[in-house]
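Following: one structure in structure tokens, then a few remarks.
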Amino acid sequence: MKLPFLHQEVEVSTDLRDSNDILDDPDALKERIAADGYLLIRGLHDKAAVLTARRQILEKLAAKGMLAPGTALMDGIFNSEYPEPTSTGSMGNKALTQLPAFKAVVEGTPVMDFFKHFLGGEARSFDFKWLRTAGPGSGSPIHYDIVFMGRGTQALYSCWTPFGDVSLDMGPIVFCLGSNRFDKVRATYGQSDVDRDMIEGHFSDDPLEIIDKFGGHWATTTFSAGDVIIFSMFLMHASLVNTSDKIRITADTRYQLASEPIDERWVGEKPKGHYAWKQQDAEIESLEASRQRWGV
7 MKLPFLHQEV EVSTDLRDSN DILDDPDALK ERIAADGYLL IRGLHDKAAV LTARRQILEK
67 LAAKGMLAPG TALMDGIFNS EYPEPTSTGS MGNKALTQLP AFKAVVEGTP VMDFFKHFLG
127 GEARSFDFKW LRTAGPGSGS PIHYDIVFMG RGTQALYSCW TPFGDVSLDM GPIVFCLGSN
187 RFDKVRATYG QSDVDRDMIE GHFSDDPLEI IDKFGGHWAT TTFSAGDVII FSMFLMHASL
247 VNTSDKIRIT ADTRYQLASE PIDERWVGEK PKGHYAWKQQ DAEIESLEAS RQRWGV
């Protein structure tokens with residue numbers, strides 16, 4: 007079906023397969039994520055815990071005036087008169103990411119036990135959490151995660167958690183299936199570091215160009231509270247445009263073996279984050295110049 011993706015409508019399939027049937031087999035999980043680039047797991051988180059966190063986040067957003075007056079809190083209806091851009095993300099906002107109910111989900115027993123089982127040892131999460139509160143009209147460009155967090159182990163995984171049900175019109179995460187095997191892109195763009203190289207960060211604003219030039223196809227699905235999708239650092243993804251009247255609340259969290267090197271930008275009581283990239287007076291290389299330099 008055609009769905010709104012950045013500045014155009016694009017054919018997007020809904021053929022993401024879940025991996026609940028192999029949850030007890032870490033070898034099969036590793037084989038699948040190596041092949042597909044992702045693991046869709048339905049109901050990994052406790053649904054009640056997710057909804058408790060959703061309520062607490064929405065209470066904070068309501069206090070900011072971000073929710074439409076006179077609407078039910080848990081519906082998360084966006085206030086069209088809210089003065090800030092609808093794409094505003096809460097990111098590492100500690101008022102939200104340090105909420106006990108939020109941490110109880112993203113650092114809770116179900117997800118930590120999953121990664122211990124999957125990775126074969128004690129797992130840890132980055133201390134920095136990316137929480138996104140995306141209103142109508144928001145979407146994100148196409149990228150690999152590795153360019154933002156690649157200074158530690160390469161056996162690092164992203165976990166996308168929706169805090170509430172996410173329908174297709176709310177602009178869920180979307181993947182270019184097969185992009186984990188774009189060898190030349192991995193060897194060029196995929197070896198970059200945004201703070202070292204001062205590049206744009208994303209790889210493209212054109213989803214059709216990706217599949218026409220490199221192959222693969224775009225895919226997403228609907229999500230229910232409790233679901234997660236876990237993916238590798240080298241799977242191209244973005245988010246579709248939120249065409250609903252609701253705020254899409256999601257978190258991006260990262261997990262790895264505790265014994266392996268970790269990217270120093272994202273750990274500690276006050277993670278320093280991107281200390282150079284897009285800071286004031288930063289000189290960022292244009293995407294066109296980067297891709298010409300990479301030959302892709």
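Under our numbering, residues 7 to 302 are what the sequence shown spells out, in order.
Even glycine gets a Cβ: it sits at the ideal position worked out from N, Cα and C.
Start-to-end residues for the beta strand (DSSP E) that takes in residue i
i	result
F237	V234 to S238
L183	I179 to L183
A282	First-last for A282: undefined, no H or E at that position.
W272	Careful: W272 lies outside any beta strand (DSSP E) and carries neither H nor E.
A244	H243 to S245
T167	Y163 to P168
I148	S146 to H149
For residue i, three-class secondary structure by DSSP
i	result
K8	strand
T139	strand
V16	strand
L46	strand
F154	helix
D31	coil
A55	helix
V117	helix
Y88	coil
H208	coil
F229	strand
D287	coil
A101	helix
A129	strand
S296	helix
V2	Outside the shown range of the chain, which is 7 to 302, sits residue 2, and nothing can be said about it.
D21	coil
Beta-carbon contacts of residue i that lie in its chain and below 8 angstroms, excluding the five residues immediately before and after
i	result
A68	L79
D133	W272, V273, G274, E275 and P277
H149	G207, H208, F209, M242, H243 and A244
L35	S25, I28, L29, L45 and F124
T77	I83
Q160	I152 and M239
Selected residue, minimal CA-CA separation from residue i, among the options
i	options	result
Q285	M204, G76 and A41	M204
L12	G222, L22, K53 and E215	E215
I268	Q298, G158 and F188	G158
L125	E289, G177 and R260	R260
V302	I39, D218 and L102	D218
R61	F108, G196 and A193	F108
G114	F237, T167 and H280	T167
S223	Q197, N186 and Y195	Residue identity differs from the one stated: residue 223 is His in this sequence, not Ser. Of the candidates Q197, N186 and Y195, the one whose C-alpha sits nearest the C-alpha of H223 is N186.
D233	M7, H51, D31 and G43	H51
A231	L246, A59, S250 and E17	A59
K252	R297, E90, M72 and G43	M72
I236	S292, L174 and A40	A40
Y88	K70, L162, L105 and P32	K70
P116	P106, Y195, R297 and K53	K53
R130	E266, I290, S296 and W300	E266
S198	G156, A295 and I290	G156
L57	E37, P75 and P106	P106
Near the ligand ZN: residue i beta-carbon under 7 angstroms from a heavy atom
i	result
P32	The ligand ZN is not part of this structure, which contains no ligands at all.
Residue range of the unbroken alpha helix (DSSP H) whose run includes residue i
i	result
A264	Taken as a continuous stretch (DSSP letters only), A264 belongs to no alpha helix (DSSP H), as it is neither H nor E.
I253	Counting along the chain, I253 falls outside any alpha helix (DSSP H), and DSSP gives it neither H nor E.
R192	D189 to A193
P106	P106 to V112
P213	P213 to K219
Anticipated Cβ contact below 8 angstroms, residue i with residue j, distance rounded
i	j	result
W283	V200	4 angstroms
G221	G184	6 angstroms
L263	G127	5 angstroms
A288	F169	Not really, about 32 angstroms apart at Cβ, beyond 8 angstroms.
V16	P213	5 angstroms
A193	A110	That belief does not hold up - the Cβ atoms of A193 and A110 are roughly 40 angstroms apart, past 8 angstroms.
Contacts around residue i, its chain only, beta-carbon distance under 6 angstroms, and the 5 residues preceding and following it disregarded
i	result
D151	S164 and M239
L22	L46, A225 and T227
K190	V302
H280	D201
Spatial neighbours of residue i in its chain, beta-carbon cut-off 7 angstroms, leaving aside the 5 residues before and after
i	result
L102	I63, K66, S96, F108 and L137
R254	A140, V172, M176, G177 and N248
K135	G98, T103, V112, A257 and T259
L9	E15, V16, V18, L174 and L246
M118	A129
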